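**Student:** The sequence shown begins at 205 in the numbering used here and counts up one residue at a time.
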Amino acid sequence: MVFALAVTGLLVGGLSAGWYINSLFAKISDTQAASHFDRLRSKTQTYGNGIKSAFFLYLSSFDYSMLQTLLSDTVRADGEIQSITIFRQDDGLVIASNDGSQLLHKLEDRRLSSEFQRVRVAGEREVFRTDYVLDYESTPYVLRIEYRVESYDKALAVLTAERQRQSQEFALAGAALLFLLVVASFGVARWIGQLVSLPLKNLNQSAQEIAAGDLSRPVTALTKDEIGELAESLELMRKNILVKIVEIENANATLETKVEERTKELKKAQVALVQSGKMAALGIMSAGIAHEINNPLAIVTMYLETLSRSLRKLGLADDQIKKFEESSARVFKAVERISQIINHVKVFARQSQDNQRVDVKVADLLSDVKFFSEPIARNHQVQIDYQGTGDHLMVRCVKGDLVSVLQNLVQNAIDAFEGRREPDAGRRVTVKVGSSHKMVRIEVEDNAGGIPLEIQQRIFDPFFTTKDIGKGTGLGLSLCYSIIQNYGGKIDFDTEVGRGTRFLVQIPLLAQASVDATAEPQKLVS
Numbered sequence: 205m206v207f208a209l210a211v212t213g214l215l216v217g218g219l220s221a222g223w224y225i226n227s228l229f230a231k232i233s234d235t236q237a238a239s240h241f242d243r244l245r246s247k248t249q250t251y252g253n254g255i256k257s258a259f260f261l262y263l264s265s266f267d268y269s270m271l272q273t274l275l276s277d278t279v280r281a282d283g284e285i286q287s288i289t290i291f292r293q294d295d296g297l298v299i300a301s302n303d304g305s306q307l308l309h310k311l312e313d314r315r316l317s318s319e320f321q322r323v324r325v326a327g328e329r330e331v332f333r334t335d336y337v338l339d340y341e342s343t344p345y346v347l348r349i350e351y352r353v354e355s356y357d358k359a360l361a362v363l364t365a366e367r368q369r370q371s372q373e374f375a376l377a378g379a380a381l382l383f384l385l386v387v388a389s390f391g392v393a394r395w396i397g398q399l400v401s402l403p404l405k406n407l408n409q410s411a412q413e414i415a416a417g418d419l420s421r422p423v424t425a426l427t428k429d430e431i432g433e434l435a436e437s438l439e440l441m442r443k444n445i446l447v448k449i450v451e452i453e454n455a456n457a458t459l460e461t462k463v464e465e466r467t468k469e470l471k472k473a474q475v476a477l478v479q480s481g482k483m484a485a486l487g488i489m490s491a492g493i494a495h496e497i498n499n500p501l502a503i504v505t506m507y508l509e510t511l512s513r514s515l516r517k518l519g520l521a522d523d524q525i526k527k528f529e530e531s532s533a534r535v536f537k538a539v540e541r542i543s544q545i546i547n548h549v550k551v552f553a554r555q556s557q558d559n560q561r562v563d564v565k566v567a568d569l570l571s572d573v574k575f576f577s578e579p580i581a582r583n584h585q586v587q588i589d590y591q592g593t594g595d596h597l598m599v600r601c602v603k604g605d606l607v608s609v610l611q612n613l614v615q616n617a618i619d620a621f622e623g624r625r626e627p628d629a630g631r632r633v634t635v636k637v638g639s640s641h642k643m644v645r646i647e648v649e650d651n652a653g654g655i656p657l658e659i660q661q662r663i664f665d666p667f668f669t670t671k672d673i674g675k676g677t678g679l680g681l682s683l684c685y686s687i688i689q690n691y692g693g694k695i696d697f698d699t700e701v702g703r704g705t706r707f708l709v710q711i712p713l714l715a716q717a718s719v720d721a722t723a724e725p726q727k728l729v730s
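1. Leaving out five residues before and five after ASP619 in sequence, what residues of the same chain have Cβ atoms less than 6 Å from its Cβ?
2. Is the beta carbon of GLY417 sitting closer than 8 Å to the one on ALA425?
3. Excluding the five sequence neighbours on either side, which residues of its own chain have a C-beta within less than 8 Å of the C-beta of VAL633, listed in chain order?
4. Buried or exposed: which applies to ILE157, given that a residue is buried once 16 or more other Cβ atoms fall within 10 Å of its Cβ?
5. Note down the Cα distance separating ILE542 from ARG513, rounded to an integer number of angstroms.
6. What would DSSP say about SER317, mapped onto helix, strand or coil?
7. MET506 and ASP563 look like a contact to me (Cβ under 8 Å); what is the Cβ gap, rounded to whole Å?
8. Which class does ALA581 belong to by DSSP, given the choice of helix, strand or coil?
9. Count the other CB atoms, across all protein chains shown, that sit within 10 Å of the CB of ALA332; report buried if there are 16 or more and exposed otherwise.
10. Below 8 Å on the Cβ atoms is my contact criterion, and I expect TYR351 with GLU284 to pass it. Report the Cβ-Cβ distance as a whole number of Å.
11. Going by DSSP in three states, VAL391 sits in which element: helix, strand or coil?
12. Are there 16 or more other CB atoms within 10 angstroms of the CB of HIS309, so buried, or fewer, so exposed?
13. Mind checking which residues open and close the alpha helix (DSSP H) that includes TYR685?
14. Can you tell me whether SER342 is helix, strand or coil according to DSSP?
15. So the candidates are VAL535, LYS526, GLU529 and ARG662; which of them puts its Cα closest to the Cα of ILE503?
16. Opposite LEU300 in the DSSP bridges: which residues?
17. Mind checking which residues open and close the alpha helix (DSSP H) that includes VAL644?
18. Could you tell me the distance, in whole angstroms, from the CA atom of GLN591 to the CA atom of VAL637?
19. Put SER264 into one of helix, strand or coil per three-state DSSP.
20. For ARG280, does the three-state DSSP call read helix, strand or coil?
21. Exposed or buried, what is HIS641 when buried is set at 16 or more other beta-carbons lying within 10 Å of its beta-carbon?
22. Going by beta carbon distance, what residues of the same chain come within less than 7 Å of LEU714, once the five residues before and after it are set aside?
23. I need the straight-line Cα distance from ALA435 to LEU419, nearest angstrom please.
24. On the DSSP bridge assignment, give the partners of ILE167 in chain order.
25. Once DSSP output is grouped into helix, strand and coil, what is the label at LEU597?
26. With distances taken from CA atoms, which of ARG314, GLN286, THR289 and ILE288 is nearest ASP295?
27. Does DSSP put LYS428 in a helix, a strand or coil?
28. On the DSSP letters alone, give me the boundaries of the alpha helix (DSSP H) that VAL614 sits inside.
29. Is it buried or exposed, SER355, if we count other Cβ atoms within 10 angstroms and call 16 or more buried?
30. Any idea what DSSP makes of LEU518, helix, strand or coil?
31. Alpha carbon to alpha carbon, how far is ALA415 from LEU402?
32. Quick one: using the 10 Å Cβ neighbour count with 16 as the cut-off for buried, is ILE299 buried or exposed?
33. Under a Cβ-count criterion, where at least 16 other Cβ atoms within 10 Å of its own Cβ denotes burial, should ALA457 be classed as buried or exposed?
34. Answer yes or no: do SER287 and ASN302 have a C-beta to C-beta separation smaller than 8 Å?
35. Give me the Cα-Cα distance between ALA533 and LEU570, rounded to the nearest whole angstrom.
36. Given this structure, state the Cα-to-Cα distance separating HIS584 from ASP572, to the nearest angstrom.
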C-alpha cells in the first residue's frame, strides 16, 4: 500500500512538472507581440506555476538535487534569465539556486518585489527582479527570478530565433526528468518500506510475545518517529508488568511467612491451653487427695496424744516412757512434714483453679520453689545455691504460674546432670534474684555441660523435649516462654557447651523498697 502511494505520487508530480514546462513555450509564443514586461510577467507566471509543482514534490521527498537540476536547466534554456533562487521568507535561507553557490546561505536582501524591479546586484550588474511566493505547509517560500537587462528588441529577436531550439531542449529535459522520477519512485518506495514495514513487524511480534506472557525479550525502537515512540511505550509497559509480578511474588512470600507465624502461635496457644487444662485437673485432684490425707493424719495425731497419756497412767518406768515419747516425737515430726506437703499442694491446687492475679513477693515464690526442689536435688546429689532473697521485690501474677516456671527451670537444671560425669566444682545449681530497669531478674544457672548446638534453636518449640516419657514436670519451655510473655516479660538463655547453661527470667517489677540488683549477663541469646 505504501509502495503504491509513493509511486503514484511521484508519477503525478513528474507529469505535472512536464506539462507545465511544455505549456511554457506555448505561452511564450503567444506573447511575442506583447510588450517586453508583459511578456516577462507572463513568463514569470508560467515559470512560477511549473516550478511550484515540482518544488512541492521535491521538498516532500527531500530531493534537493533534482530541484537544483530543474532550476539550472531552466536558466540554461532561457537566455534572458540571469538567476533563479528559492529561499525561505522568514530567515532568507536558500533552498535551491541555478548555480548552487548560495545553497543553504542566507540572503541579505530578502525584501519581496511583486512587480519587476530594477536592482543592482554584486555591486555592478543590474537585473530585473520579480518574486513569486510559494506556500508550503504554512511555511512561506519565495521563488526569485532575475532577468538580464538588454535591449527589448534584441531580447525579442533572440527569443524568436531560439524558441524552437529551446522547445526541443526543454522537451528532452522534461522526458529525462520524468524518467528520473519513475526510477526514483521505486527507490523511495523501497526506502519507505524499510522505514515503516520493518518497525511495524518488530512491534507486532513484541506485542504478541507480551500477550502470550513472554516478557523476557526487550522491545527495541528501530526508529525515532511515532512508531519508535510506540515501541518505547510498549517497552515501558513490559518493565512495569515485570515489576508488578515481582511485587506480587514478594507479597505472596510475605503472606506465606505470616501464615506460618500465625500457625506457630496457634500451636503454642494450643499447647498452653492443654497444659492449663492439665494443671487445673491436677489442682482439683491434688485438693481432693490433700483433703483425704488430712483426715487420717489428724486421727494419727489424736491417737498418739491419747496413747502418751495412757502410758503415764499405767505406771510404766520413766525410761520406757521416755523412749516412747522420743519415738512419738519422731512420728509427730513426720506427720508435720506430711502436713506441710499437703498445705503446699492445697496452695498449688487453689492457684491452679482461680487464675486471679495478685501481688506476690518474689521471696514467697522462691520459698515454694525451694520446698519442691530441695528433695529432688538431694536425690540427685545436686546443691542449690540461692543468691538474693527477693524480700522487697513484688510482682502481680498468678502465683502458681511463676512457681511452675521457676520450678521447671530448676528441675531442668537438676535433670541436666543425669548421665554426666561429676564436674570438678561438684553438681551445683545457682538461683540469683535481683532487679534492674524496673524488671525483676531471676537467673537459674548450672554447670552441667551446656545445651548441644543442634538443639539450641529448638528448646522453645512446642512439644520438644529431650527427656524420656514420664520424666520432668511436663510444663515445657514453650509454655514457660508463653507464661512469661503473658506477664510482659521475657525469658532468654546463655549456654556454653562443656561448661553450663544460664536461663534469665525477667518480669515487670510491681514495687520495691530497696534494690537487690544483680550484674547484667555478659551474653544472652534468645
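For every residue, glycine included, the Cβ atom is placed at its ideal position computed from N, Cα and C. Quick caveat: nothing in here was measured; it's all calculated off a predicted structure.
**Tutor:** So, from the listed chains and residues:
1. Translated into the one-based positions of the sequence shown, residue 619 becomes position 415. Cβ within range, chain order: n/a, list empty.
2. Here residue 417 corresponds to residue number 213 of the sequence shown, with the count starting at 1. Here residue 425 corresponds to residue number 221 of the sequence shown, with the count starting at 1. Going by beta carbons, GLY417 and ALA425 fall outside the 8 Å limit.
3. On the sequence shown, residue 633 is found 429 positions in, with the first residue counted as 1. For VAL633, the CB contacts under 8 Å within the same chain, skipping 5 residues up- and downstream, are ALA581, VAL586, GLN587, ILE588, ASP589, VAL614, ALA617, ILE618, VAL648, GLU649 and ASP650 in chain order.
4. Only positions 205 to 730 of the chain appear in the structure, and residue 157 is not among them; the question remains open.
5. Taking the first residue of the sequence shown as position 1, residue 542 is located at position 338. Taking the first residue of the sequence shown as position 1, residue 513 is located at position 309. Each residue's alpha carbon lies about 24 Å from the other.
6. Position 113 of the sequence shown, counting from 1, holds the residue named residue 317. Of the three classes helix, strand and coil, the one that applies to SER317 here is coil, per DSSP.
7. Start at 1 with the first residue of the sequence shown, and residue 506 comes out as number 302. Start at 1 with the first residue of the sequence shown, and residue 563 comes out as number 359. With a Cβ gap of about 38 Å, MET506 and ASP563 do not count as contacting.
8. Translated into the one-based positions of the sequence shown, residue 581 becomes position 377. ALA581: helix per DSSP, three-state reduction.
9. Against the sequence shown, residue 332 aligns to sequence position 128. Reading off the sequence shown, one finds Phe at residue 332, where the question assumed Ala. Counting of Cβ neighbours within 10 angstroms places PHE332 among the buried residues, the total reaching 16 or more.
10. Within the sequence shown, residue 351 is the residue found at index 147, counting from 1. Within the sequence shown, residue 284 is the residue found at index 80, counting from 1. Indeed, because the Cβ distance is near 5 Å, the residues count as touching under 8 Å.
11. For the purposes of this step, residue 391 is taken as the residue at position 187 of the sequence shown. Position check: residue 391 holds Gly in this sequence, whereas Val was assumed. In the structure shown, GLY391 sits in a helix (DSSP, three-state: H, G or I).
12. Translated into positions along the sequence shown, residue 309 becomes position 105. Classification for HIS309: exposed.
13. Position 481 of the sequence shown holds residue 685. Here the alpha helix (DSSP H) through TYR685 covers 681-690.
14. Here the question's residue 342 lines up with position 138 in the sequence shown. When secondary structure is reduced to three states using DSSP, SER342 falls in the coil class, being assigned neither helix nor strand.
15. Translated into positions along the sequence shown, residue 503 becomes position 299. Relative to the Cα of ILE503, the nearest Cα in the group VAL535, LYS526, GLU529 and ARG662 belongs to VAL535.
16. Within the sequence shown, numbered from 1, the residue matching residue 300 stands at position 96. Note on identity: in this sequence residue 300 is Ala, with Leu being the wrong assignment. Per DSSP, ILE290.
17. As a first step, residue 644 must be located in the sequence shown, where it is residue number 440. Where VAL644 is concerned, there is no enclosing alpha helix (DSSP H), although the beta strand (DSSP E) it sits in stretches over 643-650.
18. Here residue 591 is taken as the residue at index 387 of the sequence shown, counted from 1. Here residue 637 is taken as the residue at index 433 of the sequence shown, counted from 1. Going by the C-alpha atoms only, they are around 6 Å apart.
19. Here residue 264 refers to the residue found at position 60 when the sequence shown is read from its first residue. If DSSP states are grouped into helix, strand and coil, SER264 belongs with the helices.
20. The residue labelled residue 280 in the question sits at position 76 within the sequence shown. In the three-state reduction of the DSSP assignment, ARG280 falls in the helix class, which pools H, G and I.
21. Position 437 of the sequence shown, counted from the first residue, corresponds to residue 641. Here HIS641 is exposed: its Cβ has fewer than 16 other Cβ atoms, across all protein chains shown, within 10 Å.
22. For the purposes of this step, residue 714 is taken as residue 510 along the sequence shown, with counting starting at 1. Same-chain partners within the cutoff: ASP563, MET598, VAL599 and ARG600.
23. Taking the first residue of the sequence shown as 1, we reach residue 435 at position 231. Taking the first residue of the sequence shown as 1, we reach residue 419 at position 215. Taking C-alpha positions only, ALA435 is separated from LEU419 by approximately 14 Å.
24. Only positions 205 to 730 of the chain appear in this structure, which leaves residue 167 out of reach.
25. Sequence index remark: in the sequence shown, residue 597 carries index 393 (1-based). Strand at LEU597.
26. Taking the sequence shown and counting its residues from 1, one reaches residue 295 at position 91. When each option's Cα is compared against that of ASP295, the closest is ARG314.
27. Start at 1 with the first residue of the sequence shown, and residue 428 comes out as number 224. Note: LYS428 maps to coil in three-state DSSP.
28. Indexing the sequence shown from 1 puts residue 614 at position 410. Segment 603-619, the alpha helix (DSSP H) holding VAL614.
29. Along the sequence shown, one-based indexing puts residue 355 at 151. Here the model assigns SER355 a pLDDT of 45, short of 50, so the residue's position is not dependable, and the following value carries that caveat. By the neighbour-count rule (16 or more Cβ atoms within 10 Å), SER355 is not buried but exposed.
30. By 1-based counting over the sequence shown, the position of residue 518 is 314. LEU518 sits in coil when the DSSP states are folded into three classes, being neither helix nor strand.
31. Locating residue 415 in the sequence shown gives position 211, counting from the first residue. Locating residue 402 in the sequence shown gives position 198, counting from the first residue. Computed Cα separation, rounded: 20 Å.
32. Taking the first residue of the sequence shown as position 1, residue 299 is located at position 95. Per the 10 Å Cβ criterion, buried.
33. Indexing the sequence shown from 1 puts residue 457 at position 253. Around the beta carbon of ALA457, a 10 Å sphere encloses fewer than 16 other beta carbons of the protein chains shown; the residue is thus reported as exposed.
34. As a first step, residue 287 is located in the sequence shown; it is residue number 83 there, counting from the start. As a first step, residue 302 is located in the sequence shown; it is residue number 98 there, counting from the start. The answer is yes: Cβ separation under 8 Å.
35. For this step, residue 533 is matched to residue 329 along the sequence shown. For this step, residue 570 is matched to residue 366 along the sequence shown. Our two residues, ALA533 and LEU570, have alpha carbons roughly 29 Å apart in a direct line.
36. Against the sequence shown, residue 584 aligns to sequence position 380. Against the sequence shown, residue 572 aligns to sequence position 368. Taking C-alpha positions only, HIS584 is separated from ASP572 by approximately 19 Å.
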